[in-house]
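Numbers 3 to 549, taken from my numbering, label the letters of the sequence shown in order.
Single-structure report; data block below.
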Amino acid sequence: MSCRTSLPAWQALAADAENFGSVHMNSLFAGDEQRFDRFSAQCGGVFLDFSKNRIDEGIFQHLLQLAEECEVAQWRDKMMSGAIVNPTEGRAVLHTALRDRSKQPIEAEGEAVAPLVSAELARMERFTNSVRSGEWLGYTGAAITDVVSIGIGGSNLGPLMVTEALKDYCDERIKMHYVSNVDGAQISQVLSKLNAASTLFLISSKTFTTAETMTNARTARQWLMDQSNGEAQAEKHFAAVSSNVSKAKEFGIGEDNIYSMWDWVGGRYSLWSAIGLPIALNLGFEHFLSLLEGAHEMDQHFATAVPEKNLPLILALIGVWNSNFLGMNAQAILPYDQNLHRLPAYLQQADMESNGKSTNWQGETVPYTTGPLIWGEVGINGQHAFYQLLHQGKTLVPADFIGSAKSNNPLPGHHENLMANFFGQSQAMMTGVDLNAVREQLTAQGMDKESVERIAPHKVHEGNRPSNTLLMDALTPKNLGALIAMYEHKIFAQGIIWQICSFDQWGVELGKVLAKAIEPELAVDAEIGAHDCSTRNLLARFKSLQD
């Protein structure tokens, strides 16, 4: 297998990066009145402006050529048709089928996918309506008012992010609570506020053996028994999402209340499946379907839009350009919407667990940077925290600014203030302000010459810092679905360009294996095993502090 660095487009881009040198985006805008029109694209209610990146038409064409030489479109079609694109686990990757209600004939592992998805959606709808209508009753005959979702990773981050993002669509019939951390503080705090008679637990674990999830599930079951003096029946207060039906049944969950997970859906791509039941329970099934519809619209866009107007592909290529050719190995996610406060954490997993790899499809170490460091915070809060580094730091961090034209909470003056910052911050990252301009500003303010010369260097912003602006019409279930799917496909396209396996996660296993071996050694009378001197002495100190 030839290395990507040998491709003509890769070599052309390497030359572009060297030749582009110190070209400032200010000059690119000054010389091209059509730059915004050329470097923007739209899908439904999601608009992308990528003009504030260090690219010109020649670089953009070389990026599109790279996608063609890497056969991104062919791999996209393979993924969506059910071919095996997760080679290390021998699996298809069909989260797109979960939101395709047109029932396209696709097979995975020799089985038609559409009937499975349709049947499970119907089951999810019945369950959702039963709980939300008050038909589902607890052990005392009380209706369910609170649902506790117990899961970790993709079984937690997706539903939590979406229910937070769409809380303006919640009618408060069902209050959602999330438990992911095995730290007893989290589940203790959640349970302390609940009435056992009206609480339902949803346990999400593909294997039903995930240590953190099952520890919390057992604690929840014991709490239910204690609160009910042993009267509660698990089948009235527990449901599960798992592929291990026998384990879920052993736990006490009735088979009718166990919902499917399939090997062709990865955990971090699973909110569209029964893992999304917390979304449906909290918001109503019609809003869950709208979420699916928005994602499907983006799937169709990714599959059919021309490359130069294809949102996921463009984001992928801009990310490759910034990382591999300009040496910017981080990416900030900056939502200007309080309800999107969990989006950076969600995209951390989606991107870093997918593309945080260093081995190509043939098991060889790649000679280039792969997945960037993903981090971020709600924009307004970030402005008073880390934007100092974004604007003046020596580490250059490209940013995605994400906002909505319409507010779901239109209080006088609030959205205008928010969005003025949204536009102003991305503009400032691009334009900056040079030393002469700073001197003029300070002089105009009446500052003496000596003070001007002393202060001015500290106020210089070099600018020329890349960003993408993603502007939604409004934060709706459909637009959120499209936004999430856009990032999913961006991650996929980058994985193809880098020749890495985006759909496994072997890197999370080693620490868990070692933790399993260490846990028995934490007992007071247990011997500490053969570890390195740091781990051995830390364990000894920990145990001494338990006495």
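Ideal Cβ placement from N, Cα and C applies to all residues, glycine included.
#### Entry: P337 - DSSP class collapsed to helix/strand/coil
The answer is strand: DSSP assigns P337 an E or B state.
### Query
Once you ignore the five residues that flank R78 on each side, which residues in its own chain have a CB closer than 6 Å to its CB?
Contacts found: none.
### Query
Are there three or more Cβ pairs, one per stretch, closer than 8 Å when the region 256–276 is compared with the region 93–109?
Flag = yes, the region 256–276 and the region 93–109 touch.
### Query
With a Cβ-Cβ cutoff of 9 Å, do A69 and A318 count as a contact?
In this structure, A318 lies closer than 9 Å to A69 by Cβ.
### Query
According to DSSP, which residues form a beta bridge with A219?
Answer by DSSP bridge pairing: none, since A219 is not bridged.
### Task
Give me the Cα-Cα distance between A297 and T445, rounded to the nearest whole angstrom.
Distance between the alpha carbons of A297 and T445: 53 Å.
### Query
Apart from the five residues on each side of it in sequence, which residues of its chain come closer than 8 Å, Cβ to Cβ, to A85?
Cβ within range, chain order: A94.
### Message
Please tell me whether Q350 and I376 are closer than 9 Å, where the distance is taken between their beta carbons.
### Response
It is a contact, given that the beta carbons lie within the stated cut-off.
### Query
Whose C-beta lies closer than 8 Å to the C-beta of M330 among residues of the same chain, with five residues either side of it excluded?
Counting only Cβ-Cβ distances below 8 Å, and skipping sequence neighbours, we find N324, P374, L398, V399, P400 and P468.
### Query
Taking just the CA atoms, how far does E529 sit from L516?
Roughly 16 Å separates the two Cα atoms.
### Query
With DSSP run on the structure shown, which of helix, strand or coil describes E405?
It is Gly, not Glu, that sits at residue 405 in the sequence shown. Reduced to three states, the DSSP call for G405 is strand.
### Task
Verify whether the separation of the beta carbon atoms of S262 and A276 is less than 9 Å.
Taking 9 Å as the cut-off, the beta carbon of S262 is found closer than this to the beta carbon of A276.
### Task
Please determine, among E511, G483 and V322, the residue with the shortest C-alpha to C-alpha distance to L47.
In the sequence as presented, Leu is not what sits at residue 47; that position holds Gly. The shortest C-alpha separation from G47 is found at G483.
### Query
What is the DSSP secondary structure of H491, reduced to helix, strand or coil?
DSSP, reduced to helix, strand and coil, places H491 within a helical segment of the structure shown.
### Query
Does the beta-carbon distance from K54 to S428 come in below 9 Å?
Contact: yes.
### Message
What does the alpha-carbon distance come out to for the pair E340 and G286?
### Response
The sequence given here has Gln at residue 340, not Glu. Going by the C-alpha atoms only, they are around 22 Å apart.
### Query
Distance, Cα to Cα, A347 vs G378?
Looking at the two C-alpha atoms, the distance is approximately 8 Å.
### Residues near A114 in its chain [Cβ-Cβ closer than 6 Å; skip 5 each side]
So the list is empty, once near-sequence residues are dropped.
### Task
Could you pull the start and end residues of the beta strand (DSSP E) that S190 belongs to?
Per DSSP, S190 belongs to no beta strand (DSSP E); it is in the alpha helix (DSSP H), G186 to L193.
### Query
For T165, which residues from the same chain have a beta carbon less than 8 Å from its beta carbon, with the 5 sequence-adjacent residues on both sides left out?
Closer than 8 Å at Cβ, skipping near neighbours: C172, M178, P280, I281, N284 and L285.
### Contact the region 404–424 vs the region 472–487: 3+ CB pairs below 8 Å
Enough Cβ pairs lie closer than 8 Å, so yes.
### Message
Contact between the region 106–124 and the region 140–160 is defined here as three or more beta-carbon pairs at a separation below 8 Å; is this criterion met?
### Response
Here the region 106–124 makes no contact with the region 140–160; the two share fewer than three CB pairs at distances below 8 Å.
### Message
Using CA atoms only, rank isn't needed, just tell me which of L547, C535, V192 and S272 is closest to L524.
### Response
Per the Cα distances, L547.
### CA-to-CA distance, D228 to G426, given in whole angstroms
C-alpha separation (whole angstroms): 55 Å.
### Task
Using beta-carbon positions only, say whether N259 and F129 come within less than 9 Å of one another.
N259 places its beta carbon less than 9 Å from that of F129.
### Query
DSSP beta-bridge partners for D51?
Answer is S42 and T471, bridged to D51.
### Query
How about F22 and F41: do their beta carbons lie closer than 9 Å?
No Cβ-Cβ contact shorter than 9 Å links F22 with F41.
### Task
Kindly give me the distance between the Cβ atoms of P479 and I404, rounded to whole angstroms, as I take these residues to be in contact under 8 Å.
Not quite, the Cβ-Cβ distance comes to about 16 Å (not below 8 Å), so this is no contact.
### Message
Quick check on this structure: which residue in S206, L226 and I176 has the alpha carbon closest to the alpha carbon of A199?
### Response
Of the listed residues, the one whose Cα sits closest to A199 is L226.
### Message
Between the alpha carbons of G156 and S132, how many angstroms are there, rounded?
### Response
So the alpha carbons of these two residues sit roughly 25 Å apart.
### Query
Between F327, G321 and N326, which lies nearest to A334 when the distance is taken from Cα to Cα?
When only C-alpha atoms are compared, the closest one is G321.
### Message
Please give the ranges of any beta strand (DSSP E) in the region 97–127, keeping only runs that are unbroken, at least 3 residues long and fully inside the region.
### Response
Entirely contained in the region 97–127, not one beta strand (DSSP E) run reaches 3 residues.
### Query
Under three-state DSSP, which class holds I1?
What the structure shows of the chain is the stretch from 3 to 549, and residue 1 is not part of that stretch, so it cannot be assessed.
### Query
If we call anything under 9 Å between Cβ atoms a contact, is K514 one with A219?
Their beta carbons are not under 9 Å apart, which means K514 does not touch A219 by this criterion.
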